[in-house]
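Q: Those sequence lines, one after another, are chains A and B. Here the first sequence is numbered in the UniProt record's numbering, starting from 1 and rising by one per residue. Here the second sequence is numbered in the UniProt record's numbering, starting from 1 and rising by one per residue. Quick reminder that beta carbons are idealized off the backbone N, C-alpha and C, glycines included.
Number of protein chains: 2
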Amino acid sequence: MCEFVIMPPIPARPTELHELGRAFAQHYYTKICVGRQELDQLYAPDSVMTFEGLECSGREAVMAKLKALTFKSIHYSITSIDCQPTGLPNTVFLMVLGQLKTDEDPPHSFCQTFILRGFEASFFIVNDVFRMVLHNA
Amino acid sequence: MCEFVIMPPIPARPTELHELGRAFAQHYYTKICVGRQELDQLYAPDSVMTFEGLECSGREAVMAKLKALTFKSIHYSITSIDCQPTGLPNTVFLMVLGQLKTDEDPPHSFCQTFILRGFEASFFIVNDVFRMVLHNA
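(1) Note down the Cα distance separating residue 111 of chain B from residue 132 of chain A, rounded to an integer number of angstroms.
(2) What residues from chain A crowd round residue 133 of chain B, counting only those whose CB sits closer than 8 Å?
(3) Starting from residue 101 of chain B, trace the beta strand (DSSP E) both ways and give me its first and last residue.
(4) Determine the closest residue to residue 105 of chain B out of B:60, B:72 and B:28, with distance taken between C-alpha atoms.
(5) Given a cut-off of 8 Å, decide if residue 40 of chain A and residue 87 of chain B are closer than it, judged by their beta-carbon atoms.
(6) Looking only at its chain, what residues have a beta carbon closer than 6 Å to the beta carbon of residue 49 of chain B, apart from the 5 residues adjacent to it on each side?
(7) Indicate whether residue 96 of chain A and residue 44 of chain A have their beta-carbon atoms separated by less than 8 Å.
(8) Measure how close the beta-carbons of residue 32 of chain A and residue 78 of chain A come, nearest whole angstrom, since I'm counting them as under 8 Å.
(9) Skipping 5 residues on each side, what residues in its chain have a beta carbon closer than 7 Å to that of residue 135 of chain A?
(10) Can you give the Cα-Cα distance for residue 36 of chain A and residue 66 of chain A, rounded to whole angstroms?
(11) Could you please give the first and the last residue of the uninterrupted beta strand (DSSP E) stretch that includes residue 44 of chain B?
(12) Note down, in chain order, each residue of its chain lying with its Cβ closer than 7 Å to the Cβ of residue 59 of chain B, except the 5 sequence neighbours on either side.
(13) Across which residues does DSSP place residue 132 of chain B in a beta bridge pair?
(14) Can you give me the start and stop residues for the alpha helix (DSSP H) that residue 26 of chain A sits inside?
(15) Using only CA atoms, which one of A:85, A:114 and A:121 lies nearest to residue 94 of chain B?
(16) For residue 69 of chain A, name the three-state secondary structure that DSSP assigns.
(17) In chain A, which residues lie with their C-beta within 7 Å of the C-beta of residue 127 of chain B?
(18) Residues in the region 49-78 of chain A with C-beta within 7 Å of chain B's C-beta atoms, listed in sequence order?
(19) For a quick check, are the C-beta atoms of residue 20 of chain A and residue 85 of chain A less than 8 Å apart?
(20) Compare the C-alpha of residue 121 of chain B against each of B:98, B:90, B:69 and B:101 and name the closest.
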């Protein structure tokens with residue numbers, strides 16, 4: 001079972017950058033729900049993901065970590081997506097704040113940040129940091 | 001009144017990158033507390049800050065926003081600092097998760113992400129995104 005929701009408010013006058021962030025989030029969190037193996041198309045051989053403090057370098061290590069997640073169901077509710085240019089060609093900085101609920105656990109806040117780089121017609125993830133918003137771990 | 005605390009656990013074998021992140025956070029959040037006007041040394045003419053969804057481009061706009069914050073006291077408690085290399089020379093990606101308490105308000109979670117770039121002996125902030133972890137704003 002899977003659900004993905006971007007909460008209002010939607011920007012009244014969305015910019016191209018915010019549209020890109022929204023489209024990326026839609027794609028990424030849908031794939032986490034229903035096709036995690038296909039996320040390998042989003043990571044590159046030199047991508048870096050830090051997941052709850054554990055650093056994974058390279059597509060293979062990132063995918064091994066993502067595939068090892070054991071939940072049966074996940075629901076995402078995205079509260080905000082902040083996008084910025086980086087001053088580098090085709091490189092975008094993106095911070096996502098939201099809540100997620102896995103299986104029978106209560107909902108928890110999370111924060112995930114990406115640096116995306118364009119290549120031909122698509123983007124891949126250069127950097128990815130994920131944290132649940134928990135202060136007593 | 002001001003307080004700044006980095007919570008344990010401290011990494012058992014801190015890397016150079018994590019030491020840099022920790023030193024940056026120590027400097028940044030101390031200055032937010034006791035010398036906000038000096039933060040202008042950390043922002044560049046082309047820095048971008050998105051503060052609770054409001055984008056400020058350039059040092060002047062960023063500093064105007066930071067100086068306009070109206071709290072009298074602020075206490076920070078930093079839960080985690082995740083640092084990554086970006087593949088670009090002297091450029092570091094940093095995500096900070098913590099709690100803050102202003103004046104008589106209850107503590108709230110926050111997330112702040114930076115891209116830092118080295119220049120001579122110091123770093124400046126290229127990108128900065130700040131969000132309180134609130135889902136019903």
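A: In short:
(1) Position 111 of the second sequence holds residue 111 of chain B. Position 132 of the first sequence holds residue 132 of chain A. Using only the alpha carbons, I get a separation of about 11 Å.
(2) If you number the second sequence from 1, residue 133 of chain B lands on position 133. Below the 8 Å Cβ cutoff, chain A contributes 97, 109, 111 and 133 as neighbours of residue 133 of chain B, in chain order.
(3) Within the second sequence, residue 101 of chain B is the residue found at index 101, counting from 1. Per DSSP, residue 101 of chain B belongs to the beta strand (DSSP E) from 91-102.
(4) Numbered from 1 along the second sequence, position 105 holds the residue referred to as residue 105 of chain B. Minimum Cα distance to residue 105 of chain B is reached at B:72.
(5) Indexing the second sequence from 1 puts residue 87 of chain B at position 87. Indexing the first sequence from 1 puts residue 40 of chain A at position 40. The answer is no: Cβ separation not under 8 Å.
(6) Residue 49 of chain B sits at position 49 when you count from the first residue of the second sequence. Taken in chain order, the residues that qualify are 56, 62 and 128.
(7) Walking along the first sequence from the start, residue 96 of chain A turns up at place 96. Walking along the first sequence from the start, residue 44 of chain A turns up at place 44. The criterion of a C-beta distance shorter than 8 Å is not satisfied by residue 96 of chain A and residue 44 of chain A.
(8) As a working mapping, residue 32 of chain A is identified with position 32 in the first sequence. As a working mapping, residue 78 of chain A is identified with position 78 in the first sequence. Not really, about 12 Å apart at Cβ, beyond 8 Å.
(9) As a first step, residue 135 of chain A must be located in the first sequence, where it is residue number 135. Cβ neighbours of residue 135 of chain A within its own chain (closer than 7 Å, five residues either side excluded): none.
(10) What you label residue 36 of chain A is simply residue 36 of the first sequence in a count that begins at 1. What you label residue 66 of chain A is simply residue 66 of the first sequence in a count that begins at 1. Linking residue 36 of chain A to residue 66 of chain A through their CA atoms gives a straight-line distance of about 7 Å.
(11) Along the second sequence, read from residue 1 onward, the residue named residue 44 of chain B stands at position 44. Per DSSP, the continuous beta strand (DSSP E) segment holding residue 44 of chain B begins and ends at 43-51.
(12) By one-based count along the second sequence, residue 59 of chain B stands at place 59. Excluding residues within five positions, the ones whose Cβ falls inside 7 Å are 40, 43, 44, 45 and 47.
(13) Within the second sequence, the letter at position 132 stands for residue 132 of chain B. Beta-bridge annotation (DSSP): residue 132 of chain B is paired with B:110.
(14) Taking the first residue of the first sequence as position 1, residue 26 of chain A is located at position 26. 16-34 is the extent of the alpha helix (DSSP H) around residue 26 of chain A.
(15) Here residue 94 of chain B refers to the residue found at position 94 when the second sequence is read from its first residue. The option with the nearest alpha carbon to residue 94 of chain B is A:114.
(16) Within the first sequence, residue 69 of chain A is the residue found at index 69, counting from 1. Residue state for residue 69 of chain A is assigned as coil, using DSSP reduced to three classes.
(17) Numbered from 1 along the second sequence, position 127 holds the residue referred to as residue 127 of chain B. Per Cβ cutoff of 7 Å: 84, 86 and 93.
(18) If you check each beta-carbon in the region 49-78 of chain A against every beta-carbon of chain B, the ones closer than 7 Å belong to 50 and 53.
(19) Taking the first residue of the first sequence as 1, we reach residue 20 of chain A at position 20. Taking the first residue of the first sequence as 1, we reach residue 85 of chain A at position 85. No.
(20) Here the question's residue 121 of chain B lines up with position 121 in the second sequence. Comparing Cα positions, the closest option is B:90.
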